[in-house]
Structures are given as structure tokens and as C-alpha cells.
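J.: Residue numbers (the working numbering): 22 to 267.
Cβ atoms here follow ideal geometry from the backbone N, Cα and C, with glycine treated the same way.
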Ligand code: ADP
Ligand code: MG
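(1) Per DSSP, residue 216 is paired with what?
(2) Which residue marks the beginning of the alpha helix (DSSP H) containing residue 203, and which one marks its end?
(3) At a cut-off of 7 Å, would you count residue 61 as near the ligand ADP, judging by its Cβ distance to the nearest heavy atom?
(4) Classify residue 117: buried if its beta carbon has 16 or more other beta carbons within 10 angstroms, exposed otherwise.
(5) Is the beta carbon of residue 193 sitting closer than 8 Å to the one on residue 201?
(6) Which value, in whole angstroms, describes the spacing of the CA atoms of residue 154 and residue 44?
(7) Do residue 178 and residue 121 count as a contact pair if the criterion is CB distance below 8 Å?
(8) Using beta-carbon positions only, say whether residue 57 and residue 68 come within less than 8 Å of one another.
(9) Give me the Cβ distance between residue 99 and residue 185, rounded to the nearest whole Å; I'm assuming they're in contact under 8 Å.
(10) Do the CB positions of residue 51 and residue 181 come within less than 8 Å of each other?
(11) Just to confirm before moving on: does the CB-CB distance between residue 123 and residue 24 stay below 8 Å?
(12) Which partner residues does residue 89 have in the DSSP bridge list?
(13) Sorry if obvious, but does the Cβ on residue 219 come closer than 7 Å to a heavy atom of the ligand MG?
(14) Applying the 10 Å Cβ sphere with the 16-neighbour rule, what's the burial state of residue 37?
(15) Is it right to say residue 40 is buried, meaning 16 or more other beta carbons lie within 10 angstroms of its own, or is it exposed?
(16) State the CB to CB distance for the pair residue 64 and residue 236, rounded to an integer number of angstroms; the pair is presumed to be in contact (CB under 8 Å).
(17) Output the distance between the C-alpha atoms of residue 170 and residue 34, rounded to the nearest integer angstrom.
(18) Looking at the unbroken alpha helix (DSSP H) that takes in residue 122, where does it start and where does it end?
(19) What's the C-alpha gap between residue 93 and residue 228?
(20) Rounded to the nearest angstrom, what separates residue 197 and residue 79 at their Cα positions?
(21) Rank 62, 66, 75 and 32 by C-alpha distance to the C-alpha of residue 83 and give the top, closest one.
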């Protein structure tokens, strides 16, 4: 049995005043496309930050690839697109290429001028998100959905095993949400990237994800129970909800 890519055991986390997570256990296997659902304030973003090592749990343990996460000094294994990151101000001067190449900096350190090989890596990452035609455009001219794809390319360019996305469709036009999720599904299927996604788009993601977790045992989402019935048996069996009861 292969060790899970991410394994969280009995995690709790408290901000100064607030209990954000209590005794959460869950795991992510290589190849999963996991959606984490839950009402606002249920601790979804906090859980992602714990997976990423950005904050330390008050209690519990995290293993990455079967090894205690404390042994991981860098975050090359993971790409992260945080909540509300798709909001460049108009007038933001960078080109798509510059923004995406920024994702290489964590690997090779800051650079004044892009190494030649960087453009090839940037192109490849942009192709994966369907944005290669925009490489020389200014990011401030792009729509919210296009900017979000650029952010994903920025995370992909360092070739992570896992991509962690926090509510990536906020700011994307309703009619473009479907194609956005198709793009994610193809990253998962064709590029073999493990995906962990926080979202409220239950209706749209249900037939694309392989696993679902819900923070909060009460499922508040309108229609979600009906959606569960449309899942395959494997998807239902893989339902993590019981183990992430808040
Ligand atoms: P979600 O992403 O599901 O909306 P969060 O993980 O952002 O939930 O927040 C979980 C709880 O922790 C909420 O009650 C929120 O108000 C609180 N919280 C989040 N971030 C902070 C912070 N930086 N300081 C104090 N409390 C916070
Ligand atoms: Mg959040």
C-alpha cells in the first residue's frame, strides 16, 4: 500500500479566540481530485494552510509521502493558489510570462533576467491551463477567469505533485465555471496532478472529482445529497465526510 501523499491525523487548530478545526483526520492519495466543502467559517482555508505547513496545528500530526511534515524544509512538492488571489489591480504592469515565471523563483531563487529555459517551462505551464496564446499579454487586461488560470500556471511551472486551490472560481463568470473545472479535471487526468480544491460549486464539481470531504457534519448545501446519488459507487465509498466531522 502506497503511503498517502498527505495524511492528517487528529488535527486541531485554534486562532487566539476561535477554534477553527477540531480533531480532523483525512488523507489524500496520489491521483486524487479531492473537493473540500463546508460552510463559511468551517475551517476550510485553515485546513489548507495546515496541509501546506503555513501554520502549525495546535494538536495532531501531518505526514507527507509517509514522512513527518517537519522534515520537509521546502514546498516544491505543492503548488498553492490562495483564496482571492485572482485580483490584479488594473494597471498591474506584469506580462503573463513574468507572472508565471515568478513561480520558478522559489526553485531557483530570485533572478533579474529570466533564464532562456524559463520561457519553455512557462509555455508548458500555460498550455496546461489553455492560456499559451496569452503569454505576452499584460495580466491586467485579462478576465478574472483568465487571471486565475495564469495563477494556476504560476503554481504549475515549478512542477509540483499536488495543486491546492482555495475557492478558485470566485470572480469567474458563471458561464466560464464549467470550462474552468474541465481544465482542472484534465490536469488531474492527463498531467497526473493531484488536486485538493476548496469550493462551493457543488453542482459543477460532483462529476469531476474523485473524492469529497465536508467540514461540518451537517451538509448545508442545497441539493448536495441528491448530487451524491449521481456519484459512482467508488466515489461514494471514498466519501471522507465521516472522518472530517467538525
Ligand atoms: P473557511 O475557509 O471555511 O471560510 P477559515 O479557515 O477561513 O474558514 O476560518 C475558520 C474560523 O477561524 C472562522 O471562524 C474564522 O473567523 C477564524 N479565522 C480565520 N482566520 C483567522 C485569523 N487570521 N485570526 C483569527 N481568526 C481567524
Ligand atoms: Mg476560506
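T.: On the basis of the data shown:
(1) 54 and 184
(2) 195-210
(3) yes
(4) buried
(5) yes
(6) 46 Å
(7) yes
(8) yes
(9) 6 Å
(10) no
(11) no
(12) 84
(13) yes
(14) exposed
(15) exposed
(16) 5 Å
(17) 31 Å
(18) 117-122
(19) 34 Å
(20) 39 Å
(21) 32
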